[in-house]
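Before any comments, here is the structure.
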Amino acid sequence: MAAQLGGKVTCTLGEVKNRADFIIYWGGNPADCHPLHFSRYTLTPKGKHVPEGRKGRTMVLVDVRETPSAKHADILLQVKPGKDFEVVTTLRALVKNQPVDAARVAETGLTLEQLQDLVDRMKNARFGVLFFGMGLSMTRGKHMNSAAVLALVAELNAYTKFVSMPMRGHGNVTGADVVMRWTTGFPFGVNLSRGYPRFNPGEFSTIDVLVRGDNDATLVLGADPGATMPQPAIDHLSRTPTIVLDPKVTHTSRLARIHITTATTGISAPGTVYRMDEIPLPLKPILESPYPTDEEVIHRILEKVKEKPAWTPASFKEVPCA
Amino acid sequence: MITLTLKEQPEVPIEAEALSPDVVAELGNDELRALPIFFGKRQLRLEEFFEVEGEASEELEIHGDASRVKWLGRGMTRGRLRIVGNAGMHLGAFMKGGSIEVSGNASDWIGAEMSGGLIRIGGNAGGQIGAAYRGSLTGMTAGTIVVEGSAGLEVGMRMKRGIIVVKGMAKDFTGLEMKGGTIILGGAELRTGAWMKRGTIISLTPIPLLPTFAYNCSYNPTFLRIYARELETLGVSLPFEESEGSYELYSGDAAVSRKGELLVWQPAG
Amino acid sequence: MLRITGGKVYDPANDVNGEVRDVCISDGRIVDEVAGADVRTIDAAGMVVFPGGVDVHTHVAGGAINFARAMTPENHRDAAKFIHSPELRAGVGGATPSTFATGYLYAGLGYTTVNEAAVPVLSARHTHEELRDTPLVDKSCCVLMANNELLLDLLEEGETERARHLLAWHLWAAKGYGVKAVNPGGVTAWKWGKNAKILSEPVPGYSKVTPAKIISSLAAMVDELKLPHPLHLHCNNLGAPGNIDTTIETMKVLDGHRAHMAHLQFHSYGGDDWDTLRSESVRLAEFFNEQPNLTADAGAILFGDSVTITADGPWQHLLYQLTGRKWGNLDVENETGCGVVPYTYKGTNMVNAVQWAVGLELLLLIDDPWRIYLTTDHPNGACFWRYPEIIHLLMNADFRRECIDKLPEKALKRIYLPGIDREYTLSEIAIIISAGPARALGMPQKGHLGVGADADVALYNDDPDRERMFGHPRYLLKGGEVVVEEGDIRKMVDGREYIVRPSFDKNIEEYLRPLFEQYYTMSFDNYPVEMERLEGADIRECG
Numbered sequence: 169m170a171a172q173l174g175g176k177v178t179c180t181l182g183e184v185k186n187r188a189d190f191i192i193y194w195g196g197n198p199a200d201c202h203p204l205h206f207s208r209y210t211l212t213p214k215g216k217h218v219p220e221g222r223k224g225r226t227m228v229l230v231d232v233r234e235t236p237s238a239k240h241a242d243i244l245l246q247v248k249p250g251k252d253f254e255v256v257t258t259l260r261a262l263v264k265n266q267p268v269d270a271a272r273v274a275e276t277g278l279t280l281e282q283l284q285d286l287v288d289r290m291k292n293a294r295f296g297v298l299f300f301g302m303g304l305s306m307t308r309g310k311h312m313n314s315a316a317v318l319a320l321v322a323e324l325n326a327y328t329k330f331v332s333m334p335m336r337g338h339g340n341v342t343g344a345d346v347v348m349r350w351t352t353g354f355p356f357g358v359n360l361s362r363g364y365p366r367f368n369p370g371e372f373s374t375i376d377v378l379v380r381g382d383n384d385a386t387l388v389l390g391a392d393p394g395a396t397m398p399q400p401a402i403d404h405l406s407r408t409p410t411i412v413l414d415p416k417v418t419h420t421s422r423l424a425r426i427h428i429t430t431a432t433t434g435i436s437a438p439g440t441v442y443r444m445d446e447i448p449l450p451l452k453p454i455l456e457s458p459y460p461t462d463e464e465v466i467h468r469i470l471e472k473v474k475e476k477p478a479w480t481p482a483s484f485k486e487v488p489c490a
Numbered sequence: 043m044i045t046l047t048l049k050e051q052p053e054v055p056i057e058a059e060a061l062s063p064d065v066v067a068e069l070g071n072d073e074l075r076a077l078p079i080f081f082g083k084r085q086l087r088l089e090e091f092f093e094v095e096g097e098a099s100e101e102l103e104i105h106g107d108a109s110r111v112k113w114l115g116r117g118m119t120r121g122r123l124r125i126v127g128n129a130g131m132h133l134g135a136f137m138k139g140g141s142i143e144v145s146g147n148a149s150d151w152i153g154a155e156m157s158g159g160l161i162r163i164g165g166n167a168g169g170q171i172g173a174a175y176r177g178s179l180t181g182m183t184a185g186t187i188v189v190e191g192s193a194g195l196e197v198g199m200r201m202k203r204g205i206i207v208v209k210g211m212a213k214d215f216t217g218l219e220m221k222g223g224t225i226i227l228g229g230a231e232l233r234t235g236a237w238m239k240r241g242t243i244i245s246l247t248p249i250p251l252l253p254t255f256a257y258n259c260s261y262n263p264t265f266l267r268i269y270a271r272e273l274e275t276l277g278v279s280l281p282f283e284e285s286e287g288s289y290e291l292y293s294g295d296a297a298v299s300r301k302g303e304l305l306v307w308q309p310a311g
Numbered sequence: 017m018l019r020i021t022g023g024k025v026y027d028p029a030n031d032v033n034g035e036v037r038d039v040c041i042s043d044g045r046i047v048d049e050v051a052g053a054d055v056r057t058i059d060a061a062g063m064v065v066f067p068g069g070v071d072v073h074t075h076v077a078g079g080a081i082n083f084a085r086a087m088t089p090e091n092h093r094d095a096a097k098f099i100h101s102p103e104l105r106a107g108v109g110g111a112t113p114s115t116f117a118t119g120y121l122y123a124g125l126g127y128t129t130v131n132e133a134a135v136p137v138l139s140a141r142h143t144h145e146e147l148r149d150t151p152l153v154d155k156s157c158c159v160l161m162a163n164n165e166l167l168l169d170l171l172e173e174g175e176t177e178r179a180r181h182l183l184a185w186h187l188w189a190a191k192g193y194g195v196k197a198v199n200p201g202g203v204t205a206w207k208w209g210k211n212a213k214i215l216s217e218p219v220p221g222y223s224k225v226t227p228a229k230i231i232s233s234l235a236a237m238v239d240e241l242k243l244p245h246p247l248h249l250h251c252n253n254l255g256a257p258g259n260i261d262t263t264i265e266t267m268k269v270l271d272g273h274r275a276h277m278a279h280l281q282f283h284s285y286g287g288d289d290w291d292t293l294r295s296e297s298v299r300l301a302e303f304f305n306e307q308p309n310l311t312a313d314a315g316a317i318l319f320g321d322s323v324t325i326t327a328d329g330p331w332q333h334l335l336y337q338l339t340g341r342k343w344g345n346l347d348v349e350n351e352t353g354c355g356v357v358p359y360t361y362k363g364t365n366m367v368n369a370v371q372w373a374v375g376l377e378l379l380l381l382i383d384d385p386w387r388i389y390l391t392t393d394h395p396n397g398a399c400f401w402r403y404p405e406i407i408h409l410l411m412n413a414d415f416r417r418e419c420i421d422k423l424p425e426k427a428l429k430r431i432y433l434p435g436i437d438r439e440y441t442l443s444e445i446a447i448i449i450s451a452g453p454a455r456a457l458g459m460p461q462k463g464h465l466g467v468g469a470d471a472d473v474a475l476y477n478d479d480p481d482r483e484r485m486f487g488h489p490r491y492l493l494k495g496g497e498v499v500v501e502e503g504d505i506r507k508m509v510d511g512r513e514y515i516v517r518p519s520f521d522k523n524i525e526e527y528l529r530p531l532f533e534q535y536y537t538m539s540f541d542n543y544p545v546e547m548e549r550l551e552g553a554d555i556r557e558c559g
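These protein sequence lines map, in sequence, to chains U, D and S. Heads up, this note's numbering is the position in the first sequence plus 168, with the first residue counted as 1. Heads up, this note's numbering is the position in the second sequence plus 42, with the first residue counted as 1. Heads up, this note's numbering is the position in the third sequence plus 16, with the first residue counted as 1.
Quick look at the structure:
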């Protein structure tokens, strides 16, 4: 959503490994959540243009508290919870040499001097990268926090080379996003009820639909909303027909009408996973499974659906609503 | 007048962009009953959801809790749409003229990308009032929206012209990336005026401000006096007398421009 | 079996120019005759019969377009909607259509072959997955190599032979059809925020490798590898005032090697800055006319909204700074990058007015229609489904003059178009939208209706409103199947994907393996695209 607002300046991870000399992690804890990040891409590897490895790099960690990632950082900036947007907006102004209110800056937990210093370092970097995690994208402000760092990075390119990258969650979130976009145009929250793809986060995104009970059936594949969503969503999943496809019996399975066990993708089922920088990697299964793959099950369901009469009225071809 | 009474709460939200004065103005009762309503993936007739009385009128009245009825008054250019009850998302989106009144609450996206007309909400509204849809460059470009109660996030996001009044509290990001126009608030939560380029936001109570807004002065601008008179006709009271207090003027958002204005009312004493 | 009868056939490759004759089809190919009860006859009276369209340069599948799709939900909202049905997939049109919609839109124009012009090897797998989901058209793709640092490092060391093996290995790893060069050296420089504007100046980080050296080396290698399609080249300094000099210099650097110059319109400007920008199409056409080794596509613009998508990263940063529109950038390690900026061409803007004229001027001034093809560098100049507007402008000088009259006064002194009376004939149109591109792509089975050709045939009403004519084919046949009839898609077919297998010394892999370990973040064994990823692969052995 943030990219839709103002664009996104990014690169693949190899560019970071080979060139980055200034790395910012904002609202993420790679030591725990992306354990190979430092050693593969950002801190220790000898890059083509950073042959000194760790010594050639400066790492800044911005977070609300000290995490295990902190001991890897050269600079720690502890921001007060819920103040990231204020900090990034201030940085945007400082990059352009615009005045800001020092007292209100201090309310963020960081001082004007600290932020000015950060701006100077960013501008003097040869190649800067800002990784942002869920501590930014999932806290108050949500997509606007992400949009803020994306805008900041785009603006830094007037001074030096700078890129940004989201630290994605587990599973193949990026892959789902990539495939949805090429097949429907939109990354997530796609509504097909009117016969064509429509997108409106907050109206059609999964959590909102389930919390409001806007749907009357749910098919869950490779996710466990029964474990992570607010209670009204869980209640709705219990009350309406819910079908789960998963290698394991999950929290959602326990609420569901039907659970179908499927083979584990990447271990018993082939496919493609898209890395956080959208690079496609092939999955080569190594073990056989007695269970069908997700793909097989969906195809079989689709065959049955095709036997039903088509439901799209011809009148859908008239100019529909946005 | 045409009166539609919602029979019962639909199991899933329904999309009813056909319910607009432009569409119904010339239709007979039978034709009204046959109007398309989209119910999930199905298309059904209006009469399956509403009792239908009257015909061929620019005055359309809907009775019932229509909070799950979306797109009422979409793109309307004339006439009067009245909802006695609550209204669903996208009320009056793309509206060009005419008026909409809701006695109860409204949902998100009211008056989104509108270019004329008047919307009044008797209760609370949701977020994204008069806003640009995701990715669009511009939100509302003309028209007036008045909300008696509170509002949600991103009120007036990317609006270019027009007036939005929220008498109660608005949530975060009111006036986000505003390009022009006026927003009047009873109060707001965080990040009001974030990244605004131009435009005026007036808050009748103190609000938290971004570090990128700079205090200019305290004053009683003359334009407000004239403005206040206009707003009276809409039932909106804007204080302006020196004896009552003055406005603190802040300009911002320095991250983007410094031509945006934020006026915060400070009562005297 | 099928017989198309009564239509005026335009098959310039076989010297047929509007003759009323039958076209017979059997087993997906054009044949001499068909007989028997099992023959469907299409009465083409009042229609013209063309070989199916071939788009030699477009951006429709892969990481860059998908990035653009992510950035522009507002475009999808305003675009044509494709409604799901038992035969058709749901989708959105616009500047960055979803993949199924892309196939439907091309078929809706009478096109049957599409060349995806820019594929990074690292994400080629993604491109092929999207091409699989693009129905109705045959496909090929060009693989980005002019900023591949492993290649440039070899050129720096003077190891041209090994560089050729590396090139061939990469082309096969990506399962590509041709080699693409974008802003040679410039995209490499962009990795440090710089550009490469002078052909003879070393690229930052190198002392011997210059853009000129990259261009001449790649062109030579492509010829040595005997690839069916020549080096596909997007010159340095795209879009910049005065870039005509770079373009002419580039053509000289090619020194007789084959090359296909992409979207030439963006490379034909005089002037010193935006205020003095003017057309240099005459100078370009004069020089180009004397280079028989070169082909080009127009890259014309049309007024309206579009999205610019290109591997030319530095240009996109500049466009963002000039316009303030949202900017997307994705640098691909060791290889290339892409930039995305939505843009609106306005008829009142002097620069855009000159650009509009230049595209048409090139098409009208370059003598040989076999060497200049109709494209808009979709979606950079305009969306491909607006090609019929350009056809109308080329065929109808009066209409063209009406449009010129609407241009700002200032622009008229900077362009040549008002003085050009030429009108394209239907035969010439058939060349620039089908026969010519097919020949440039080295696809002898495409772009003509001779015996043995693929039965890709488009039937249009012979309508004086050429925009309406070419925007609404009455019939489209793909491989002998009637896929479009009277505006409806009647049958779904999956196209083939054309790829080449160039020869290379297998030892190159031993050279590459340790470099991958050091510089890449994908393991060497995962890098090549598996054959199974492609649908209907058609392999052409080379060299």
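Heads up, the beta-carbon is just placed ideally off N, CA and C, and yes, glycines get one too. Values in this document were obtained by computation on a predicted structure and should not be read as measured data.
Run the CB neighbour count on S:Q371, radius 10 Å, all protein chains shown included, and call it buried at 16 or more, exposed below.
The residue labelled residue 371 of chain S in the question sits at position 355 within the third sequence. That one is buried.
Confirm, please, whether the CB-CB distance from D:G158 to D:M3 is below 8 Å.
Given a span of 43 to 311 for chain D in the structure shown, any question on residue 3 of chain D remains unanswerable.
Once the 5 residues before and after S:W343 are set aside, which same chain residues still bring their CB inside 6 Å of it?
Residue numbering aside, residue 343 of chain S sits at position 327 when the third sequence is read from its first letter. Excluding residues within five positions, the ones whose Cβ falls inside 6 Å are Y336, V357.
Can you list, in chain order, the residues of its chain with a C-beta nearer than 7 Å to that of U:T461? Leave out the 5 residues immediately preceding and following it.
Against the first sequence, residue 461 of chain U aligns to sequence position 293. Hits under 7 Å: T430, A431, A437.
Is it buried or exposed, D:T242, if we count other Cβ atoms within 10 angstroms and call 16 or more buried?
For the purposes of this step, residue 242 of chain D is taken as residue 200 along the second sequence, with counting starting at 1. So D:T242 counts as buried.
Using CA atoms only, rank isn't needed, just tell me which of U:Q266, U:R289, U:T440, U:H404 is closest to U:V346.
Numbered from its first residue, the first sequence carries residue 346 of chain U at position 178. Taking only the C-alpha atoms, the option nearest U:V346 is U:T440.
Which two residues bound the contiguous beta strand (DSSP E) that contains D:G294?
Sequence index remark: in the second sequence, residue 294 of chain D carries index 252 (1-based). Start and end: 287-294.
Using a Cβ cut-off of 8 Å (strictly closer), state whether S:R93 contacts chain D.
Position 77 of the third sequence, counted from the first residue, corresponds to residue 93 of chain S. Yes, because at least one Cβ of chain D sits closer than 8 Å to the Cβ of S:R93.
Is it buried or exposed, D:Y312, if we count other Cβ atoms within 10 angstroms and call 16 or more buried?
There is simply no residue 312 of chain D to check, as chain D begins at 43 and stops at 311 in what is shown.
Give, in chain order, every residue of the stretch 164-179 of chain D whose Cβ lies closer than 9 Å to some Cβ of chain S.
Answer in chain order: A174, Y175, R176, G177, S178, L179.
Using a cut-off of 8 Å between C-beta atoms, extract the partners of U:P369 located in chain D.
Looking up residue 369 of chain U in the first sequence gives position 201. Within 8 Å Cβ-Cβ: R176.
Give me the subset of the stretch 185-219 of chain S whose CB atoms are less than 7 Å from a CB atom of chain U, sorted by chain position.
Listed by position, the residues of the stretch 185-219 of chain S near chain U (Cβ gap below 7 Å) are K207, W208, G209.
CA-CA distance, D:S62 and S:F415?
Translated into the one-based positions of the second sequence, residue 62 of chain D becomes position 20. Translated into the one-based positions of the third sequence, residue 415 of chain S becomes position 399. Straight-line Cα distance between these residues: approximately 41 Å.
Going by DSSP, what residue range makes up the beta strand (DSSP E) through D:Q51?
Working through the second sequence from its first residue, we reach residue 51 of chain D at position 9. Counting along the chain, D:Q51 falls outside any beta strand (DSSP E), and DSSP gives it neither H nor E.
For U:N383, decide whether its Cβ has a neighbour in chain D, counting only Cβ atoms nearer than 8 Å.
Numbered from 1 along the first sequence, position 215 holds the residue referred to as residue 383 of chain U. Cβ-Cβ to chain D under 8 Å: yes for U:N383.
State the start and end residues of the unbroken beta strand (DSSP E) segment that holds S:M63.
The residue given as residue 63 of chain S occupies position 47 in the third sequence. Note, S:M63: beta strand (DSSP E), 63-67.
Return the residues of the stretch 60-89 of chain S that lie within a Cβ-Cβ distance of less than 8 Å from chain D, sorted by chain order.
Hits within the stretch, in order: M87, T88, P89.
Kindly indicate if chain D contains any beta-carbon less than 8 Å away from that of U:S361.
The count along the first sequence starts at 1 and reaches residue 361 of chain U at position 193. U:S361 counts as touching chain D.
For the stretch 182-258 of chain U, which segments carrying the alpha helix (DSSP H) assignment without a break, of at least 4 residues, lie completely within its bounds, in sequence order?
Segments of the alpha helix (DSSP H) lying fully in the stretch 182-258 of chain U: 198-201.
Which residues of chain U have a Cβ atom closer than 8 Å to the Cβ of S:A106, listed in chain order?
Here residue 106 of chain S is taken as the residue at index 90 of the third sequence, counted from 1. T352, L360, G363, Y364, P365, listed in chain order.
Is it the case that the stretch 276-284 of chain U contacts the stretch 244-263 of chain U, given that we only count it when at least three CB pairs across the two stretches are under 8 Å?
The stretch 244-263 of chain U is in contact with the stretch 276-284 of chain U.
List, in chain order, every chain U residue whose beta-carbon is nearer than 7 Å to that of S:T115.
For the purposes of this step, residue 115 of chain S is taken as residue 99 along the third sequence, with counting starting at 1. Simply W350, T351.
Which of the three DSSP states, helix, strand or coil, is assigned to S:P358?
Counted from its first residue, the third sequence places residue 358 of chain S at position 342. Three-state DSSP puts S:P358 in a strand.
Quick one, which of D:G134, D:E155, D:M156, D:G140 has its alpha-carbon nearest D:A148's?
By one-based count along the second sequence, residue 148 of chain D stands at place 106. Per the Cα distances, D:G134.
For D:M131, decide whether its Cβ has a neighbour in chain U, counting only Cβ atoms nearer than 8 Å.
Stepping through the second sequence from its first residue, residue 131 of chain D is reached at position 89. It does; some Cβ of chain U falls within 8 Å.
Ordered along the chain, which non-local residues of its own chain (more than five positions away) have a Cβ less than 6 Å from that of U:A395?
For this step, residue 395 of chain U is matched to residue 227 along the first sequence. These residues qualify, in order along the chain: H419.
Give a yes or no on contact between the stretch 451-470 of chain S and the stretch 395-410 of chain S, applying the rule of three or more CB pairs nearer than 8 Å.
Touching, no.
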